[in-house]
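Presented below is the structure to which this report refers.
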Amino acid sequence: MGARPAAGRRAVEVLLEAELSSADVRRLVLVDAVWAGADDEREFSVRVGDRQRRVHVTDQDSPLGIADAWRRHLTETDPDGDSVLVVTGCVPADQLGWDLRGHAVRRRPLAVERTDIVKQLFGVGDLDTRMVREAWLLDALLESEPPGGWPKAGSVLTLDRALRALLAARVGLGDTADETLDLDADTLFEWSRTPVGPRRFAELHESERAGLTAWLEQVAGPAAPTLLALAADGRGADALPLGALASAALTCPAAADAGFALGTLFGRALGSFDALTPFAAAAGGVLTRWIAQAEAGGPAGADARVRVLSVLERADQLADSARLTDLLAGDRLLPSGYRSRLRAVAATLDGRSAAAQSVLRELADHQLAALHADSTERARTAIRLLRWLDTPAPELTSVGQSVRLHIESAGWTDLAVGILAEGDISRDGEVSDAYHRLIGRVRERRRRIDEQFAALLATWTERACQQAPNGALLIEDVLAEAAAPLARDGGRPLVLVLDGMSADVAVELAAGLDRRAWAEIVPTAPTGRRPGRLAAVAMLPTVTRLSRASLLCGAPAEGGQDTERSGFTAFWKKRHRDAVLFHKGGYEGTAGHRLAPELLGALADERTVVGVIVNTIDDALADGRDNGRARWRPSDIAKLTDLLDAALGAGRPVLLVSDHGHVVDRGPRDTGPTAAEGVRGARWRTGPARPGEVELSGPRVLASGGRITTAWREDVRYTARQAGYHGGASLAEVTVPVLAFVPAGSEIPTGWTALPAENTAPDWWREGHETAQPLKPAAAPRGKDARARQPQTEGLFPQPGHGTPGERTVRSKPYEVQREFVRNAPSGTAVAAALDALLDAGGKLSPAAVASAAQSATGKSERNPQRFVTMLERLLNIDGYPVLQLIESGRTVQLDRELLRQQFPEGDAP
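So in the working numbering, the last spot in the sequence shown is 916, and the numbers never skip.
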């Protein structure tokens, strides 16, 4: 006789629910199965119809035992009730007398068919035939039914549906009622990191683990067996870190040695080394996708970043425990590999930039480079400073040229030094020391530049005045030379004075503005010169009471808010414009208002020029900033984003200007002030000059009778320590940044031109592929010997010697036909220049850069870059094919090189 099936409580419950409803008053149920439940489960209740019936279970192995149990149930256990006695056991039906069988439901032992029970539990008419052979699966489904029961599964319960439901109930992988979960490697590795799932898997019977593993291998891939083996071994949380480690080890130069160490880490969970490759590949794929999510940003990106770094730091810990760290130092995924590359960058900073550049590329190639964006950018900034140190020392010839050079180049070194001075987030001693040494080299060179400038300033100051500026833009002329031109033709500029804004702060603030909302403009440059940002010379000494008053009055002046307010109004009154100036406390809104209603009303008035003084930067010089950062973003300046938004809503251009700059104290904290006599401020005094100082006198010195001594060295101060100082004669303090912006898409005022973002940073700041736009495109050879003189290089089109790609495009027949349908189309020269600039830049430029290329070729100002790009789209996108389009929310123009070739084959026109 074969072994009887086993029946647990749930199997008996289902059997009783099905049989008792039609069993009249019978109270005996014989079950042809041995009891598989626990002793404390022998008494329970079951719902039959609309009432509960008590159940008692006993296991008997003889006819006499069954008869005795039934007698005791009737006389002792429940003589007057309706409770049911369930007798399980292995007594054949033919050994039971009819007197006993007559009391039993159906008068015979009832078979326990697990398939029938499972069908009842899922409410189906049939099971997948493959399930019948999987006894472990049927038993598991009976044992693990959730409290609310299994979800109904239609007419047939498939193997996949059953296993998905079982995984959800047993180990928390998915939802018993949801079939949409993708059971792939991502899902399994994510599940392996949960605190409960792997532990519950380890507690399953061995046959059930084996069955689930085999099915998941088919569904989720060959990584599943190793992952589940780790879970069964109690190391599910380390599955993904071990996978990352395996991925690194299998690709390292010493893969054989690393593989041996990996075997000790995996232990018995690794069935064979052949299983290691798919497991490593799956883990690497999961982490690569998580890294992409992290790089996308947002709340989901932040969560992905935490997950990635947590997994990979654990992988590094495991590598260290197996002494694998040195073997995997060059890995592109592990944090230790990133730190190794960062140290390699640091090791090059005492040399030249050429060698450092290739090491930086290795760092940027690491998969965690974007997740460690601060460290990567800081390393990139260090290499920028190396490139600056490799450039020839600038030759200062005049004060005006010096401040322009500062806003264009030297001020960017101050920004870079500020970035490095914050220190690397890794707190690696080697990296920190290398940055410290590099900062010292840069400051020494900057010190020599400041010394040259101080000598020029001393000579210039003796005679320079508003009537004879000697080539410099004076701070008292900024309103006349920059604000007034913006006010022509009905313009209503908002003059934003950021007190204490130095060149390094200005260039970073400008870079932080939304180019979809604002376009930076600069005065049109004379022929042969590239347009650039304006820089003015502050009043001396470089203190607010002198420089800001002179700026706002349009003439040398000294005074406080009343002087500034009356001077600003008088300046604009001479130009027949109303004006109003808001100081700190006057433009901030009260409760419920982001800005004061008076300010918003003035901005809405088309007749009024508005000025606003913002003191955030100057105030921070006293005590420093709470976040410890040296850099400034627009959101760091109180109400700046609100002011810009209000100006944008009113359609106003914005002039962003300072009254003076500042220097940052980066000396040791225990360094005291420089002892000196005649101290009048943090960086200026009276008396003979000493090393690091310069005597200044003349019409531009408005303090102490027109003669002062100021510090040009950044480490000289005469007062108590602060975060920063002004009043001295360094380039950072004397240079006044003057930046202008108009709402994107609006007309550029006459006399101004767009400044492409590509042209804002100096050449040494950009890496090799980030080239500035050329001043003027090279002209194609003309005349009968043009073919002989033109270089025979392979270009966009198959035949060389017929002009630039852009010129050949505008000569093609399709272009000529399309141009007939575009009213007021730009000239062929402008279109050709724009196309050539885009092709030279790899197919992507800002709208301002595209318009600038056209303007350089034609000499005609493109006053609306967005409109110019729109015209290009209409000319080039024949039949809707996107040859040229705006991407990144309008910030970038993209040219499809291949589509250009297809749509505009080379023309035959001469």
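All C-beta atoms in this analysis are idealised placements derived from N, C-alpha and C, irrespective of residue type, glycine included.
According to DSSP, residues forming a beta bridge with residue i
{"i": "Trp-3", "result": "Lying before the first or after the last residue shown, residue 3 is absent from the chain, which here runs from 7 to 916."}
{"i": "Tyr-731", "result": "Val-669"}
{"i": "Phe-917", "result": "Residue 917 cannot be examined here, being either before or after the span of the chain that is shown, 7 to 916."}
{"i": "Ala-840", "result": "According to DSSP, Ala-840 bridges with nothing at all."}
{"i": "Val-63", "result": "Val-92"}
{"i": "Gln-909", "result": "Answer by DSSP bridge pairing: none, since Gln-909 is not bridged."}
{"i": "Thr-759", "result": "Val-528"}
{"i": "Ser-51", "result": "Arg-60"}
{"i": "Trp-41", "result": "Ala-13"}
{"i": "Gln-891", "result": "Gln-900"}
{"i": "Val-35", "result": "Val-92"}
{"i": "Cys-559", "result": "For Cys-559, which the question treats as bridged, DSSP gives no partner whatsoever."}
{"i": "Leu-649", "result": "Bridge partners of Leu-649: none, in fact."}
Reduced DSSP category for residue i - H, G, I as helix; E, B as strand; rest coil
{"i": "Thr-403", "result": "coil"}
{"i": "Lys-850", "result": "strand"}
{"i": "Gln-824", "result": "helix"}
{"i": "Glu-119", "result": "coil"}
{"i": "Thr-533", "result": "coil"}
{"i": "Pro-341", "result": "helix"}
{"i": "Ile-431", "result": "coil"}
{"i": "Ser-641", "result": "helix"}
{"i": "Thr-741", "result": "strand"}
{"i": "Arg-57", "result": "strand"}
{"i": "Gln-458", "result": "helix"}
{"i": "Ser-703", "result": "strand"}
{"i": "Arg-713", "result": "strand"}
{"i": "Val-899", "result": "strand"}
{"i": "Glu-720", "result": "coil"}
{"i": "Arg-205", "result": "helix"}
{"i": "Trp-197", "result": "helix"}
{"i": "Trp-690", "result": "strand"}
{"i": "Cys-258", "result": "coil"}
{"i": "Asp-2", "result": "This structure leaves residue 2 out entirely; the chain is present only between 7 and 916."}
{"i": "Glu-19", "result": "helix"}
{"i": "Leu-480", "result": "strand"}
6 angstroms Cβ shell around residue i - same chain, five flanking residues per side excluded
{"i": "Ala-376", "result": "Glu-301"}
{"i": "Lys-590", "result": "Asn-621"}
{"i": "Ser-895", "result": "Arg-522"}
{"i": "Lys-158", "result": "Gly-129"}
{"i": "Leu-901", "result": "Leu-844, Gly-849, Leu-890"}
Close Cβ partners of residue i (< 8 angstroms) along its chain, the five nearest in sequence each way excluded
{"i": "Ala-226", "result": "Leu-189, Asp-190, Ala-191, Thr-193, Leu-194"}
{"i": "Gly-687", "result": "Pro-547, Val-549, Tyr-724, Thr-725, Gly-733"}
{"i": "Ala-610", "result": "Ala-656"}
{"i": "Glu-49", "result": "Arg-60, Val-61, His-62, Val-63"}
{"i": "Glu-319", "result": "Pro-341"}
Of the residues the options, the one placed nearest residue i, counting alpha carbons only
{"i": "Ala-859", "options": "Gly-849, Gly-848, Leu-844", "result": "Leu-844"}
{"i": "Leu-924", "options": "Asp-74, Val-162, Glu-19, Ala-267", "result": "Nothing about residue 924 can be read from this structure; the chain reaches only from 7 to 916."}
{"i": "Ala-544", "options": "Ala-763, Glu-739, Thr-257", "result": "Glu-739"}
{"i": "Val-40", "options": "Gln-407, Leu-654, Gly-95, Glu-223", "result": "Gly-95"}
{"i": "Arg-706", "options": "Pro-475, Leu-248, Arg-443", "result": "Pro-475"}
{"i": "Leu-421", "options": "Val-899, Ala-555, Arg-241, Arg-639", "result": "Arg-639"}
{"i": "Glu-699", "options": "Thr-741, Thr-83, Ala-464, Lys-645", "result": "Ala-464"}
7 angstroms CB neighbourhood of residue i in its chain, flanking five on each side removed
{"i": "Ala-254", "result": "Leu-334, Asp-337, Leu-339, Leu-340"}
{"i": "Leu-745", "result": "Ala-512, Ala-516, Glu-526, Arg-539, Leu-662"}
{"i": "Thr-692", "result": "Gly-684, Arg-686, Ser-710, Ile-714, Thr-715"}
{"i": "Gly-592", "result": "Ala-602"}
beta-carbon residue i near the ligand ATP non-hydrogen atom, thresh 7 angstroms
{"i": "Thr-596", "result": "In terms of ligand content, the structure shown is empty, and the ligand ATP therefore cannot be addressed."}
Chain D contact for residue i (CB, 8 angstroms cutoff)
{"i": "Asp-322", "result": "The structure shown contains no chain D; it holds only a single protein chain."}
Next item on the list: Please determine if the region 823-834 and the region 849-857 are in contact, where contact requires at least 3 C-beta pairs separated by less than 8 angstroms.
Entry: no
Notebook entry, point to check: So, do the region 662-679 and the region 717-726 have three or more beta carbon pairs nearer to each other than 8 angstroms?
Noted result: yes
Check: Is the region 362-372 touching the region 340-354, taking contact as three or more C-beta pairs under 8 angstroms?
Finding: yes
Check: Should the region 130-145 be regarded as contacting the region 23-38, the criterion being three or more beta carbon pairs within less than 8 angstroms?
Finding: no
Margin query: Is it the case that the region 395-405 contacts the region 446-464, given that we only count it when at least three CB pairs across the two stretches are under 8 angstroms?
Written below: yes
Margin query: Using 8 angstroms as the cut-off, can you tell me whether the region 478-492 makes contact with the region 549-569, which would need three or more C-beta pairs spanning the two stretches below that distance?
Written below: yes
Margin query: I'd like to know if the region 96-103 and the region 145-158 are in contact, where contact means that at least 3 CB-CB pairs between them fall below 8 angstroms.
Written below: no
Check: Is there contact between the region 753-770 and the region 410-420, where contact requires at least three CB pairs shorter than 8 angstroms?
Finding: yes
Note to self: Three or more C-beta pairs under 8 angstroms: does that hold for the region 430-438 against the region 372-386?
What the structure shows: yes
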